[in-house]
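Taken in sequence, the protein lines are chains W and D. Going by this note's numbering, the first residue of the first sequence is number 1, and it counts up by one from there. Going by this note's numbering, the first residue of the second sequence is number 226, and it counts up by one from there. Beta carbons: idealized from backbone N, C-alpha and C, even for Gly. To keep things clear, I will list the structure first and then write my remarks on it.
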Amino acid sequence: MHLDHTHDGPAALGADARRPDGTRRALRIGLGGPVGSGKTATVAALCRALREELSLAVVTNDIYTREDAEFLLRHAVLPPERITAVETGACPHTAIRDDISANLEAVEDLEDETGPLDLVLVESGGDNLTATFSKGLVDAQIFVIDVAGGDDIPRKGGPGVTTADLLVVNKTDLAPYVGSDLGRMAADAEAQRGGLPVVFQSLRSETGVADVAAWVRARLAAWTA
Amino acid sequence: MSRAALLVLADGRFPAGGHAHSGGAEEAVKAGRVTDAASLADFCRGRLHTTGLVSASLAAAAAAGTDPAALDAAADARTPSPALRTAARRLGRQLLRAARATWPGAELDALARRFPKGAHQPVVLGLVARAAGLGPLDAAYCAAYESVSGPATATVRLLSLDPFDATAVLARLAPELDRVADRAVEAARRVADEGVDALPAASAPLLETGAQAHAGWPVRLFAS
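Here it is, written out as structure tokens:
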């Protein structure tokens, strides 16, 4: 039995920065957003960009399958023991916001079994514009939308667009084909977010996920400082 | 002791992971055994008098102070399906996490130390009831009610069943819930003299085999 430094109990309960053995736990970053906006593709790209420099793991929250976890496994972005799927009982937002116990167990088990980890990415199942992560589960959250979902989404706002620590507008390469005005999306996002950062990305471009990866590195530097 | 603590513990929104489980309803819906409010009522009644009674008895005995390890072994013996054992332990672990944050205490910490990957949920529930200042009857009510409220809520999602009809099913079961809770407390009382073998072992073979089949499905909404 390990020694407890920060708890009088045997295991972590919530978002404490220290693990029961006294070491700092991994930074937890949530990725949410509507169905099909590119959350899983962004997670995969982040894993490829960061896996050489960081020890990382991923938790997926699928709505009714294990597809997202299987996509990551199939593309071999991480070894299988570093990817865990949480089942959400048809309510992905419940599992990341209202009842986070299954996700907490998943991140803690990953850290126990494959750690020490620097970073755990928690991907939400595709949901709606109101889905946000509990602060009890993640330290920061990324909200992923795409240009093909309509260039009025930033204007419409909602908790994800407005409050996420980073807003990613994905698939910018599609903008000319779907008639989306990137300038308007940028202006609306800035108005809604009061200075919080926004990244426009196309994973098909040369830059790819680099801007998001740089933001993650900065969060990690702040976390471990 | 506060009676209102019972409302906190029994609230379906208590964040202990239950929302992701259907109590066998998903498998029963796919098999065509639950198709509407009437068949949901039959399903819930069957579950209440089998799984529900066993769970309520375990919870009542734990709340009365019976050794949780003996009760956990008794729960294993009454749960042939490995998938259901896994689900029960997972839910027990999630409940324990939520309860240690809401009603912190040495007894729950000791349980977490003894079962780091989780004890059977009804056993944890009984100890949580104790930690909340509640008694064996309260614990039995919680377990019995959960045994039917979970499937009813899940069926609303699975069949797009009218939520008023599903809630009416639960309301009609109330007198039977009273009787099951009373029987559970009576059984738990006998454990002091007769050991955990005095607890009911009512089995629901379709729930057990169904849970095994369900665990192998590639596509499903609920974890169990």
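Selected residue, minimal CA-CA separation from residue i, among the options
| i | options | result |
| --- | --- | --- |
| residue 240 of chain D | W:66, W:136 and W:16 | W:136 |
| residue 207 of chain W | W:14, W:108 and W:49 | W:49 |
| residue 130 of chain W | W:164, W:140 and W:120 | W:164 |
| residue 146 of chain W | W:121, W:120, W:132 and W:186 | W:186 |
| residue 366 of chain D | D:400, D:328, D:262 and D:379 | D:400 |
| residue 123 of chain W | W:84, W:108 and W:154 | W:84 |
| residue 446 of chain D | D:249, D:392, D:410 and D:230 | D:249 |
| residue 221 of chain W | W:109, W:97, W:92 and W:119 | W:119 |
| residue 429 of chain D | D:402, D:411, D:341 and D:309 | D:309 |
| residue 66 of chain W | W:33, W:56 and W:90 | W:90 |
| residue 179 of chain W | W:204, W:152 and W:205 | W:152 |
| residue 343 of chain D | D:301, D:371 and D:305 | D:301 |
| residue 121 of chain W | W:113, W:140 and W:15 | W:140 |
C-alpha gap between residue i and residue j, whole angstroms
| i | j | result |
| --- | --- | --- |
| residue 313 of chain D | residue 345 of chain D | 5 Å |
| residue 364 of chain D | residue 287 of chain D | 9 Å |
| residue 150 of chain W | residue 156 of chain W | 10 Å |
| residue 209 of chain W | residue 80 of chain W | 22 Å |
| residue 18 of chain W | residue 333 of chain D | 21 Å |
| residue 394 of chain D | residue 387 of chain D | 11 Å |
| residue 349 of chain D | residue 373 of chain D | 18 Å |
| residue 109 of chain W | residue 98 of chain W | 20 Å |
| residue 236 of chain D | residue 177 of chain W | 49 Å |
| residue 353 of chain D | residue 321 of chain D | 7 Å |
| residue 6 of chain W | residue 269 of chain D | Any reading at residue 6 of chain W needs caution, since the residue's pLDDT is 42, under 50, leaving its predicted position unreliable; the model's value is listed next. Cα to Cα, residue 6 of chain W sits roughly 44 Å from residue 269 of chain D. |
| residue 275 of chain D | residue 325 of chain D | 29 Å |
| residue 176 of chain D | residue 407 of chain D | With chain D covering only 226 through 449, there is no way to say anything about residue 176 of chain D. |
| residue 337 of chain D | residue 103 of chain W | 18 Å |
Boundaries of the beta strand (DSSP E) in which residue i is found, first to last residue
| i | result |
| --- | --- |
| residue 62 of chain W | 56-62 |
| residue 447 of chain D | Run containing residue 447 of chain D: none; DSSP gives neither H nor E here. |
| residue 200 of chain W | 198-200 |
| residue 256 of chain D | Looking at the DSSP string, residue 256 of chain D is not in any beta strand (DSSP E), and its letter there is neither H nor E. |
| residue 206 of chain W | It is not in any beta strand (DSSP E) - residue 206 of chain W carries neither H nor E in the DSSP assignment. |
| residue 87 of chain W | 83-87 |
N-terminal and C-terminal residue of the alpha helix (DSSP H) that residue i is part of
| i | result |
| --- | --- |
| residue 435 of chain D | 430-440 |
| residue 320 of chain D | 307-327 |
| residue 48 of chain W | 39-50 |
| residue 234 of chain D | 229-235 |
| residue 333 of chain D | 331-339 |
| residue 31 of chain W | No alpha helix (DSSP H) contains residue 31 of chain W, which is instead part of the beta strand (DSSP E) from 27-32. |
May I have a chain-ordered list of the alpha helix (DSSP H) segments no shorter than 4 residues that lie completely inside the segment 147-185 of chain W? DSSP runs (the alpha helix (DSSP H)) wholly in the segment 147-185 of chain W: 153-156, 159-163 and 175-178.
For the segment 333-346 of chain D, list every residue whose C-beta sits within 7 Å of some C-beta in chain W, in sequence order. Listed by position, the residues of the segment 333-346 of chain D near chain W (Cβ gap below 7 Å) are 334, 337, 338 and 341.
**OP:** For the segment 92-104 of chain W, enumerate the residues whose C-beta is nearer than 8 Å to any C-beta of chain D, in chain order.
**Re:** Taking 8 Å as the Cβ-Cβ cut-off against chain D, the residues of the segment 92-104 of chain W that qualify are 94, 95, 98, 99, 100, 101, 102 and 104.
For this session: Just list the beta strand (DSSP E) runs in the segment 353-398 of chain D, keeping only unbroken ones of 3 residues or longer that don't cross its boundaries, in chain order.
Result: Segments of the beta strand (DSSP E) lying fully in the segment 353-398 of chain D: there are none.
For this session: Determine which residues of the segment 433-445 of chain D have a Cβ less than 8 Å from any Cβ of chain W, and write them out in chain order.
Result: Against chain W - using a Cβ distance shorter than 8 Å - the residues of the segment 433-445 of chain D are 443, 444 and 445.
- Message: Counting only Cβ-Cβ distances shorter than 9 Å, please list the residues of the segment 170-203 of chain W near chain D, keeping chain order.
- Response: Answer in chain order: no residues at all.
Self-check item: Residues within the segment 234-246 of chain D neighbouring chain W, beta-carbon criterion of under 9 Å
Solution: Those residues of the segment 234-246 of chain D placed with their C-beta closer than 9 Å to a C-beta in chain W are 238, 239, 240, 241, 242, 243, 244, 245 and 246, ordered along the chain.
Give, in chain order, every residue of the segment 103-135 of chain W whose Cβ lies closer than 8 Å to some Cβ of chain D.
Listed in sequence order: 104 and 105.
Members of the segment 302-332 of chain D near chain W, C-beta cut-off 7 Å:
The residues in question are 318, 319, 322, 323, 325 and 326.
List, from N- to C-terminal side, the alpha helix (DSSP H) runs of 4 residues or more that fit wholly inside the segment 91-123 of chain W. Under the rule that a run must span 4 or more residues, the alpha helix (DSSP H) segments found entirely inside the segment 91-123 of chain W read 101-114.
Taking a cut of 9 Å between CB atoms, which residues from the segment 379-413 of chain D lie near chain W?
-> So the close ones are 379, 382 and 383.
task: Output, in sequence order along the chain, the residues in the segment 34-65 of chain W whose CB is closer than 8 Å to any CB in chain D.
output: For the segment 34-65 of chain W, residues whose beta-carbon sits nearer than 8 Å to a beta-carbon of chain D comprise 63, 64 and 65.
message: Just to confirm the assignment: which complete alpha helix (DSSP H) runs, minimum length 4, are found wholly within the segment 245-301 of chain D?
response: Counting whole runs of 4 or more residues, the segment 245-301 of chain D contains the alpha helix (DSSP H) stretches 250-255, 262-272 and 278-288.
Q) Using a Cβ cut-off of 8 Å, which residues of the segment 67-85 of chain W contact any Cβ in chain D, in chain order? A) Flagged: no residues at all.
- Query: Taking Cβ-Cβ distances below 8 Å as the criterion, which residues of the segment 137-167 of chain W are in contact with chain D?
  - Reply: Residues: none.
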